[in-house]
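Residue numbers (the numbering used here), protein chains in the order written: chain C, 1 to 377; chain L, 1001 to 1362.
Structure, as structure tokens:
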Amino acid sequence: MGAIIEKIITTDEIKTDEYLVNIGPQHPSTHGVLRLLTKLEGEIVHNVEPHIGYIHSGIEKMTEALSYPQIVHLTDRMDYFSSSMNNEAVCLCVENALQIEVPERVKYIRTIFSELQRLASHQLWWCASGMDLGALTAFFYGLRDREDILDILEETCGARLTLNYIVPGGVMFDIHPNFQKNVKAFITKFRKKLPEYDKLLTDNIIFQNRTKGVGVLSREDAIAFGVTGPTGRASGFSCDVRKHHPYSAYPYIKFDEKLGTDGDSFMRWKVRMNEMWESMNIIEQLIDNIPEGDFALKMKGVIKLPEGEFYQRVESARGEFGVYIVSDGKKNPYRVKFRSPGFSNLFTINHITKGWKIADLVAIMATFDLVIPDIDR
Amino acid sequence: MAFEKYDFTPITQSIHQALIENISPLLATVIEWTIIGVLYLLFIALFGLLLVYAERKVCAAFQQRLGPMRVGPWGLLQTIADFIKLLMKELITPKSIDKFLYNLAPFIVIIVPFLTISVIPFAPGLQALDFDIGIFFVTAVSSIGVIGVLLAGWASNNKYSLIGGMRSGAQIVSYELSVGMSLITMVILAGTMQVSEIVELQRGGWFLFKGHIPAFIAFTVFVIAGTAETNRGPFDLAEAESELTAGFHTEYSGIKFAFFFLAEYINLFIVAAMATIVFLGGWMPFHFGDWTTFNNAMDFIPGLVWFFMKVFGIIFLIMWFKWTFPRLRIDQILTLEWKYLLPINLFNILLMATMVLLGWHW
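Here it is, written out as structure tokens:
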């Protein structure tokens, strides 16, 4: 790595009072093995160059040797905080290609699971970004409440993080008898807990000074960079896949797409906080109305997709997650491409952190909610 | 008064007499110095460990955890075990550092609490140095610490350390003004800089109540600036974990790291002790007007206990700050000092001076 830095120093024109700092690959605020080659002048950030590849696991290549049900469990390992959404994307893509319709019960269960995961993911984002801003107590508040969701998920599917619950044609098991009761209990509890989050951080004057007006991403830039998810919506870019291309049970329910206006760190924060409320609304609309029926279709032992190209997108906790399958009619795909939200979101960082301080770089990264294996799959 | 019976002067005097009668005065002085030195060394080491334990328990309470529970009853021996671990750890010296300055920095940092603690009266008659410029001595000596932090940041030859050191330099130099000025405000009220005298003057009532409005302002400013001067959250920029990994002490390990760690906690104690002495009457018990029975009951609590009760109250307050607030940014910290605290302080000094001149205080 030394040689690379040497080269950059000699080739790039660098002023005497600028210096390079390698933030990462091992650094507390990068939430994984991301390396930011940062050009600083004193405290002020002049240039940020994200370097990825430290956790590259070759998932896209691996899929070419695996059957479709096997691909599903690899997607758990990409964005591990929205594994349910990733599973769903692959399964929907396969089902669309086979032109089969899953039972209504499956749609409801899938949507509830996705929203529960979105809640868990936003809780973890909340506590981790609180920690990035120096509020260490936030970390434990978030994890305390996330634990409840993980327990609910564990009860039904046995896993807490990498669920691998959604399979082509349905879900792996039927929901646990306690599932509905526990989810409702959790929602009632969390509705009381969520205002605590605001009390601890959002209303805090230091927090507002740290985030308001910092790292503004305009709507035009958000669209140009392909920024999606809460980050894009904070800039006023209406990009919710659940709204624009509804899938599973989303067509049956009413919910708002939470849009922001300013596109600064505080707005990104606010949009995610609002999304937590909205997720609870969605779950409440669905949880009592889960129709009776099969939890999965009877699928063939070997799933073969017809020849052609198939694309399916879903709204993961971080933005638009897309699966693009090229099939040549065999039991494993010819080529799979995942469109991960984190990748597009990350690369705006140089654009919006220029001129801000190192502390702001950390705050901006925190509000982007980056998961590195999602970027670097 | 009843609490005079807890005076330590007879004990110290009798030791002094016994020594001076039996051996030569020079040797007696040397022995006395040694005893005092050893006592302070023990106090700093043990109290530092106690504070680390207290911080872990307080932070655990805020975060709905139990904190250390495994080593000893309620985890009481946890910090001691940690300290032994730090003692035995390898001292890693990175390549291409300034070896002399790198090794010097922790010692400069640890010297400060040893010097400042000498003027603090723990109880009547329990004070090592009692000169007429006590407050001035504390403010002067406590500024040495920043040199150690800057040296550590510079000598480590690490960019994170350098940024941390520079941040801490800017911060401590700025906030020293506020600490000094809020102390000056109270010195105006007291009319003396001798620490024992200041405590004695509060026999009739703590300065916080005697000096009412300006004293309250000075107290608030002192606690904020004191928190900033000890580099504690929300002003812990110098070692901002999420930004600079560990700031100026990134490259230190083992006992050298322990020096920084210990110094931070003892500085916390000193800030709390100074606030106690200047605003809350030091070891003076709490009295309320002419409630004689209540006042007599209060007098039965020894001065040493009063002192530590107040100190722990303020330490708890400062810990509360750390575990509640997010971190400020460097420019916001300097703005807070130069645009808000400093003008408030200057105005407050004027207010206090006017009040003392016109005799509006109690």
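Think of the CB as a built atom: it goes at the ideal place given N, C-alpha and C, for glycine as much as any other residue.
Since the model is a prediction, treat every value here as computed from it, not as a measurement.
Cβ pair count under 8 Å reaching 3, the region 94 to 109 of chain C against the region 230 to 242 of chain C
The way I'd put it, the region 94 to 109 of chain C doesn't touch the region 230 to 242 of chain C; fewer than three beta-carbon pairs between them come closer than 8 Å.
Quick check on threonine 38 of chain C: does DSSP put it in helix, strand or coil?
Assigned with DSSP and collapsed to three states, threonine 38 of chain C falls in strand.
With 9 Å set as the bound, which would you pick, yes or no: does the beta-carbon of glycine 134 of chain C sit closer than that to a beta-carbon of chain L?
So, interface residue.
Please list, in chain order, all residues of the same chain as isoleucine 223 of chain C whose beta carbon is under 7 Å from its beta carbon, the five residues on each side excluded.
Close CB contacts of isoleucine 223 of chain C within its chain, under the 7 Å cut and outside five residues either way in sequence, are with Phe237 (chain order).
Return the residue from the list C:Asp256, C:Ile23, C:Gly58 that minimises the CA-CA distance to phenylalanine 338 of chain C.
Checking every option, the nearest Cα to that of phenylalanine 338 of chain C belongs to C:Gly58.
Between lysine 1210 of chain L and chain C, is there a C-beta pair that is closer than 9 Å?
The beta-carbon of lysine 1210 of chain L is placed no less than 9 Å from the nearest beta-carbon of chain C.
Under DSSP, the beta strand (DSSP E) around histidine 46 of chain C begins and ends at which residues?
Judged by DSSP secondary structure, histidine 46 of chain C falls within the beta strand (DSSP E) whose first and last residues are 44 to 51.
Reduced DSSP secondary structure (H/G/I, E/B, other) of lysine 357 of chain C
The three-state secondary structure of lysine 357 of chain C, taken from DSSP, is strand.
Using DSSP with H/G/I as helix, E/B as strand and the rest coil, what is tyrosine 165 of chain C?
Note: tyrosine 165 of chain C maps to coil in three-state DSSP.
Under the three-state reduction of DSSP, which class applies to glutamate 320 of chain C: helix, strand or coil?
Reduced to three states, the DSSP call for glutamate 320 of chain C is strand.
Would the region 1234 to 1249 of chain L count as touching the region 1322 to 1334 of chain L if we require 3 or more Cβ pairs under 8 Å?
With the cut-off at 8 Å, the region 1234 to 1249 of chain L and the region 1322 to 1334 of chain L touch.
If you count every other CB in all the chains shown that lies within 10 Å of the CB of glutamine 117 of chain C, and 16 or more means buried, which is it?
Looking at its Cβ environment, which holds 16 or more other Cβ atoms inside 10 Å, glutamine 117 of chain C is buried.
Which residues, in chain order, does the region 1326 to 1353 of chain L contribute to contact with chain C at a C-beta distance below 8 Å?
Shown in chain order are the members of the region 1326 to 1353 of chain L whose Cβ falls below 8 Å from a Cβ of chain C: Pro1326, Arg1327, Leu1328, Arg1329, Ile1330, Asp1331, Gln1332.
Using a Cβ-Cβ distance under 9 Å, would glutamate 1229 of chain L count as near chain C?
Not one chain C Cβ lies under 9 Å of glutamate 1229 of chain L.
Would tyrosine 197 of chain C and methionine 273 of chain C qualify as a contact pair, given that the criterion is a beta-carbon distance under 9 Å?
The answer is yes: Cβ separation under 9 Å.
Just checking my contact of serine 369 of chain C with arginine 335 of chain C at CB under 8 Å: how many whole Å lie between their CB atoms?
First, the residue type needs correcting, since residue 369 of chain C is aspartate and not serine in the sequence shown. The Cβ separation is near 29 Å, so there is no contact.
Smallest Cα separation from tyrosine 247 of chain C: which of C:His51, C:Gly24, C:Val90, C:Glu18?
Looking at the Cα atoms, C:Val90 is the closest of the given residues.
Through-space distance from serine 1253 of chain L to leucine 1091 of chain L, alpha-carbon basis
In a straight line, the C-alpha of leucine 1091 of chain L is about 6 Å away from that of serine 1253 of chain L.
Enumerate in chain order the residues of its own chain whose CB-to-CB distance from arginine 1167 of chain L is below 6 Å, with the five nearest sequence positions on each side excluded.
Excluding residues within five positions, the ones whose Cβ falls inside 6 Å are Leu1237, Ala1238, Ile1330.
Give me the Cα-Cα distance between aspartate 374 of chain C and glycine 142 of chain C, rounded to the nearest whole angstrom.
So the two alpha carbons sit approximately 22 Å from each other.
Within the chosen definition, does the region 41 to 51 of chain C reach the region 303 to 313 of chain C through at least 3 CB pairs nearer than 8 Å?
Touching, no.
Using a Cβ-Cβ cutoff of less than 7 Å, which residues in the same chain neighbour valine 1052 of chain L once the five nearest sequence positions on both sides are dropped?
Here the set comprises Thr1079, Tyr1265.
Does DSSP classify arginine 210 of chain C as helix, strand or coil?
Arginine 210 of chain C falls in the helix class under three-state DSSP.
On a CA-only basis, which of L:Thr1335, L:Asn1348, L:Phe1047 is nearest isoleucine 1217 of chain L? Give me that one, please.
Comparing Cα-Cα distances from isoleucine 1217 of chain L to each of L:Thr1335, L:Asn1348, L:Phe1047, the minimum goes to L:Asn1348.
Just to confirm my understanding: we take leucine 163 of chain C, look at its own chain, exclude 5 residues before and 5 after, and list those with CB closer than 8 Å. What are they?
Asp76, Ser83, Ser84, Asn87, Phe113, Gln117, Leu153, Cys157, listed in sequence order.
List the residues of chain C whose Cβ lies closer than 9 Å to the Cβ of threonine 1185 of chain L, in chain order.
Near threonine 1185 of chain L there are no residues of chain C at all, since even the closest Cβ is about 25 Å away, more than 9 Å.
Chain L partners of lysine 357 of chain C, CB-CB under 8 Å?
Under the 8 Å cutoff, chain L gives Arg1329, Ile1330, Asp1331.
Taking the C-alpha atoms as reference points, what is the distance between glycine 1282 of chain L and valine 1199 of chain L?
Note on geometry: alpha-carbon atoms of glycine 1282 of chain L and valine 1199 of chain L lie some 6 Å from one another.
For methionine 1 of chain C, which residues of its own chain have a beta-carbon under 6 Å away from its beta-carbon, when the five flanking residues on both sides are left out?
Its pLDDT being 43, under 50, methionine 1 of chain C is placed unreliably in this model, and the coordinates cannot settle the point.
If you draw a straight line from the C-alpha of phenylalanine 1003 of chain L to the C-alpha of histidine 1287 of chain L, how long is it?
With a pLDDT of 49 at phenylalanine 1003 of chain L, under the threshold of 50, the predicted position of this residue should be treated as unreliable, though the coordinate-derived value follows. So the two alpha carbons sit approximately 12 Å from each other.
For alanine 1225 of chain L and aspartate 1130 of chain L, I'd like the C-alpha separation in whole angstroms.
Distance from the CA of alanine 1225 of chain L to the CA of aspartate 1130 of chain L, rounded to the nearest whole angstrom, comes to 25 Å.
By alpha-carbon positions, which one of C:Ile290, C:Val102, C:Pro333 ends up nearest to valine 167 of chain C?
In terms of Cα proximity to valine 167 of chain C, the closest of C:Ile290, C:Val102, C:Pro333 is C:Val102.
Let me see if you follow: with CB-CB separation under 9 Å, is isoleucine 1117 of chain L close to chain C or not?
Chain C contact via Cβ: absent.
Would you check if the distance between the CB atom of isoleucine 187 of chain C and the CB atom of glutamate 284 of chain C is smaller than 9 Å?
Judged by their CB atoms, isoleucine 187 of chain C and glutamate 284 of chain C are nearer to each other than the 9 Å cut-off.
Opposing strand residues paired with alanine 1123 of chain L [DSSP bridges]
Paired residues: L:Leu1126.
May I ask which residues mark the beginning and end of the beta strand (DSSP E) holding lysine 304 of chain C?
Following the DSSP letters along the chain, one finds lysine 304 of chain C in no beta strand (DSSP E), marked with neither H nor E.
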